[in-house]
Amino acid sequence: MLNRGIVIVHGVGEAKKGSYIDSFVEPLATFLSKAAGFENVSVEARNPLASDATTWATLHLKDPANPKNSERWHIREAWWAQSFEPGGAQSVLGWGVVAAFYMLVMTLKYVLWRNILRTVHARTLEKWSSEVQGRPRDSRARPSPISAERVWLIPGARVWKAAADTVVWAIVGTTYLVLDVVGLAILLPVYLFLLTPFAGLFPKQVGAIQRKLINLLISSIGDQQAITTRRFALSSCSDDVSRALWPMLSSAAIASRHKTDPEFTGFATVTVVAHSGGCVVSYDALASEQVQRWLAEAPPDGCTKPKRVNWVTAGSGLNLAWRMHRAGDEQDRAFWRRIEGWVNWLNIYARYDPVPQGPPPSKMVEAMMGIDPETRPPGAVTGPRPPYVNLRVANTDFAATDHFGYWLNAEEVLSRVVQVVADDSLSTTPLSPEVRGYATSTVPGLTAHIKDSVEAAETHRAKVLRDQIVLYLGLTLVIVGLIVAARAMGRWLLGSDTFLWFDELSFAGHTLDEVVPTKLFGVPITKVRHWGVGALGIPFLGLTLVQLARLVVCLGDWVWKRGMPWWGPVLIFGAFAGVIAALAAAIILN
Numbered sequence: 010m011l012n013r014g015i016v017i018v019h020g021v022g023e024a025k026k027g028s029y030i031d032s033f034v035e036p037l038a039t040f041l042s043k044a045a046g047f048e049n050v051s052v053e054a055r056n057p058l059a060s061d062a063t064t065w066a067t068l069h070l071k072d073p074a075n076p077k078n079s080e081r082w083h084i085r086e087a088w089w090a091q092s093f094e095p096g097g098a099q100s101v102l103g104w105g106v107v108a109a110f111y112m113l114v115m116t117l118k119y120v121l122w123r124n125i126l127r128t129v130h131a132r133t134l135e136k137w138s139s140e141v142q143g144r145p146r147d148s149r150a151r152p153s154p155i156s157a158e159r160v161w162l163i164p165g166a167r168v169w170k171a172a173a174d175t176v177v178w179a180i181v182g183t184t185y186l187v188l189d190v191v192g193l194a195i196l197l198p199v200y201l202f203l204l205t206p207f208a209g210l211f212p213k214q215v216g217a218i219q220r221k222l223i224n225l226l227i228s229s230i231g232d233q234q235a236i237t238t239r240r241f242a243l244s245s246c247s248d249d250v251s252r253a254l255w256p257m258l259s260s261a262a263i264a265s266r267h268k269t270d271p272e273f274t275g276f277a278t279v280t281v282v283a284h285s286g287g288c289v290v291s292y293d294a295l296a297s298e299q300v301q302r303w304l305a306e307a308p309p310d311g312c313t314k315p316k317r318v319n320w321v322t323a324g325s326g327l328n329l330a331w332r333m334h335r336a337g338d339e340q341d342r343a344f345w346r347r348i349e350g351w352v353n354w355l356n357i358y359a360r361y362d363p364v365p366q367g368p369p370p371s372k373m374v375e376a377m378m379g380i381d382p383e384t385r386p387p388g389a390v391t392g393p394r395p396p397y398v399n400l401r402v403a404n405t406d407f408a409a410t411d412h413f414g415y416w417l418n419a420e421e422v423l424s425r426v427v428q429v430v431a432d433d434s435l436s437t438t439p440l441s442p443e444v445r446g447y448a449t450s451t452v453p454g455l456t457a458h459i460k461d462s463v464e465a466a467e468t469h470r471a472k473v474l475r476d477q478i479v480l481y482l483g484l485t486l487v488i489v490g491l492i493v494a495a496r497a498m499g500r501w502l503l504g505s506d507t508f509l510w511f512d513e514l515s516f517a518g519h520t521l522d523e524v525v526p527t528k529l530f531g532v533p534i535t536k537v538r539h540w541g542v543g544a545l546g547i548p549f550l551g552l553t554l555v556q557l558a559r560l561v562v563c564l565g566d567w568v569w570k571r572g573m574p575w576w577g578p579v580l581i582f583g584a585f586a587g588v589i590a591a592l593a594a595a596i597i598l599n
């Protein structure tokens, strides 16, 4: 039986123990089940309550015809969320102000400017080293559509799709710019507010607000600041990754397990899958002498172990870490170490993910993996390309959700993760963006499913585009509604006027007009009060309708899969619609 090892590393924030490995294992198990058959894939998991105990899961892939071809994918969580305390408000917020500036600059370059070049002058875009590094030679600014045996290609855009995508891209890019500018403008006064001892000068309510703001900002950017500037914090976090890797790479650990389980003969491949700020943590672990020593050890008698580790980064926080590092600081320079001798790096970033803000900086890739000859003039640099592949994917193409949608993107993300996990050659051979074929797995159907999923990326992107068009049409309707009907809607909601064919809204004789204030922080708002209530009511109504539609779709999915007779769905949906109608009538008609 073949064993494969995976270490999953979560990102920044208050990640609960076991929560992130759950979000990864579930879609991975579904992907593998669609390949090998749901009856041939089982999950064994354990999430101990003790904070120092490791959460793990094992996926068993069975080949009923030949049990020797079965595989076990062992997945361990490197939970580093509780390994350190964030720094003080002053250092965190000062770092955050500078980080916000760099994110704004990168948004202008990789979201707005790149999109303009992609549309009007692709040849200029081809000269960007970040567009060439880690990409196949025939996949530049305008890559060809995915064809057979081209595992690392990105789908190309047809004329109609490119035009529609450009419009969507422009809207999202403009939104990025506005949010970054507003965020930077807000962060500066908040920074000054938090540094001033208002809590001692004003009532405790103001102090409570101050503490809440500190906790909010520290929990979001404090982790990133700590793991990129504080050596103890980074080392304690990366140690969690190393401890998760020890059973998979250490000869002593493999020998001990082989002694108690003779069928276990080591791991064919070992892969670290990291997300967001976890990419910084996992990089520090992989660059350590400890991991290098484990890889250099001879395998125990009767066992095998890899000479190289696969490293998958998704929505990487390394980009911001590099842009924030101080080149003149010896400590910062010492952090960036070469790892190409024992690490195969697959970097994946979503087009509108606000964390990586585009592909990894070229200089950072060179510092870690060496120079890619494709980024230099022909003949200027000779030798093989670094073991590095860079993929730009489309999760949802929406800034608010792109960062959290990687493992749900089976076509472009999970298929490539499974590709590197299942490719036995990567345990000894450097990864190459020029590889054409797919991993050859003994598990029936797995290789074919990887190939089919990768080649379905173009269809996936078309669906993402359609969903985004629907989304933006809905937002357009909301904006039009705000312009045309916000004041009238507000007067109806306040119970002071009719709206269309509805009487004044009231609840058992009471109206919202009785509870909505006429002043805000002592400032009269009578003239804009109706419009403000309507401006809140219209989006609320739109979101309510969307949630109801999703509920109907979810209910329908369960009903149809149950195989009910024709009158069953009619009865269920009729009752559902009747309840909704009765509730609406009770509210509107009192």
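Just so you know, the sequence shown maps onto residues 10 to 599 in our numbering. We put the beta carbon where it would ideally sit given N, CA and C, even for glycine.
Supposed close pair residue i, residue j - CB separation, criterion 8 Å
i: Asp406; j: Tyr361; result: 5 Å
i: Gly446; j: Glu140; result: Actually they are not in contact, since the Cβ atoms of Gly446 and Glu140 sit about 24 Å apart, beyond 8 Å.
i: Ile380; j: Lys314; result: That pair is no contact at about 30 Å.
i: Leu423; j: Phe40; result: 5 Å
i: Ile348; j: Leu295; result: 6 Å
i: Val177; j: Tyr415; result: That pair is no contact at about 20 Å.
i: Lys26; j: Ser60; result: 7 Å
i: Gly546; j: Gly483; result: About 16 Å separates the two Cβ atoms, so there is no contact after all.
i: Val290; j: Ser260; result: That belief does not hold up - the Cβ atoms of Val290 and Ser260 are roughly 25 Å apart, past 8 Å.
i: Gln301; j: Trp351; result: 6 Å
Residue i, DSSP secondary structure in three states
i: Ala90; result: coil
i: Phe516; result: strand
i: Glu272; result: coil
i: Tyr358; result: strand
i: His130; result: coil
i: Lys528; result: strand
i: Leu58; result: coil
i: Cys334; result: For the record, residue 334 in the displayed sequence is His; it is not Cys. Coil at His334, not helix or strand.
i: Tyr415; result: coil
i: His19; result: coil
i: Gly446; result: coil
i: Phe549; result: helix
i: Val427; result: helix
i: Asn328; result: helix
i: Pro601; result: Absent from the model: residue 601. The displayed extent of the chain is 10 to 599, so no value can be given.
i: Leu491; result: helix
i: Trp351; result: coil
i: Trp104; result: helix
i: Arg470; result: helix
i: Ile227; result: Caution is warranted here: a pLDDT of 48 is assigned to Ile227, below 50, making its placement in the model unreliable, and the coordinate value is therefore given only provisionally. In this structure, Ile227 counts as helix in the three-state DSSP scheme.
i: Val398; result: strand
i: Leu121; result: helix
i: Trp82; result: strand
i: Glu421; result: helix
i: Leu521; result: helix
CB of residue i within 9 Å of CB of residue j, strictly
i: Leu327; j: Cys288; result: yes
i: Ala419; j: Pro36; result: yes
i: Gly324; j: His412; result: yes
i: Thr280; j: Val321; result: yes
i: Val429; j: Leu435; result: yes
i: Ser285; j: His19; result: yes
i: Asn356; j: Gly143; result: yes
i: Ser245; j: Trp89; result: yes
i: Ile525; j: Leu503; result: A small fix is needed here, since residue 525 is Val in this sequence, not Ile. Yes, they are a contact pair.
i: Leu68; j: Val34; result: yes
i: Arg538; j: Thr520; result: no
i: Thr451; j: Asn124; result: no
i: Glu375; j: Ala253; result: no
i: Tyr185; j: Ala408; result: yes
i: Pro578; j: Val487; result: no
i: Trp540; j: Ala495; result: yes
i: Val555; j: Met498; result: no
i: Lys460; j: Val160; result: yes
i: Glu467; j: Gly165; result: yes
i: Met333; j: Val190; result: no
Give a yes or no on contact between the stretch 438-446 and the stretch 394-410, applying the rule of three or more CB pairs nearer than 8 Å.
yes
Sequence ranges, alpha helix (DSSP H) only - wholly within the stretch 255-323, length at least 4:
260-269, 287-295 and 298-305
Would you say the stretch 111-129 touches the stretch 39-52, given that touching needs at least three Cβ pairs under 8 Å?
no
Can you find at least 3 beta carbon pairs, one from the stretch 512-522 and one from the stretch 449-469, that sit closer than 8 Å?
no
Do the stretch 262-276 and the stretch 304-312 meet, that is, are 3 or more Cβ pairs less than 8 Å apart?
yes
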